Each structure stands twice: as C-alpha cells, then as structure tokens.
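Report on one structure; see the data block that follows.
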Amino acid sequence: FRTYSSPTETPEIGDIIVLNHGKGDKTGGHVGFYISNDKIGIWVLGGNQEDCVKISRYPYFRFLTYRKIV
5 FRTYSSPTET PEIGDIIVLN HGKGDKTGGH VGFYISNDKI GIWVLGGNQE DCVKISRYPY
65 FRFLTYRKIV
C-alpha cells in the first residue's frame, strides 16, 4: 500500500495510512484508515489490532505515508 493510488500530505477521513512496525522499520507493516491526528499521534481505524477492528492512536514515528482513496 505504500505505492497505492496517490500520496497526500493532507489526509481526509478514510484515506489510507501506512505505518511501520516500530523504530527503524522503513518497509511498512500496518495499514489502516485515517481518522484524525492530535499532538500525540495519529488515530487509525484498522483490523487485526488486538484481534479486533477498532480505532487506535499510533505515535508519529510509526508513520510512513498517507494515500488517497480512489
């Protein structure tokens, strides 16, 4: 998903967000739908988060790219 559709720096609700697994990982590993962001991190709707679909906040260091939904 790092190359899906077109990148954006101003995501809208529902756009794709690609996150890495943790510090040092630049290849990606988690994909979800952008909800919002705050001072601490980015809120993402995703599946397989603690074995369920839910909204979770991820720290900014995990962010790789936002991609527009076509």
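Counting in the working numbering, the sequence shown runs from 5 upward without gaps.
All C-beta atoms, glycine included, are put in the ideal place defined by N, C-alpha and C.
Given the structure is predicted, the values throughout are model-derived calculations rather than measurements.
{"Check": "For Tyr70 and Ile39, the rounded distance between their alpha carbons", "Outcome": "11 Å"}
{"Check": "Under 8 Å between C-beta atoms of His34 and Leu49", "Outcome": "no"}
{"Check": "Contacts around Ile73, its chain only, beta-carbon distance under 6 Å, and the 5 residues preceding and following it disregarded", "Outcome": "Gly18 and Asp19"}
{"Check": "Residue range of the beta strand (DSSP E) that includes Arg61", "Outcome": "Lys58 to Pro63"}
{"Check": "Helix, strand or coil at Arg6 according to DSSP, with G and I counted as helix", "Outcome": "coil"}
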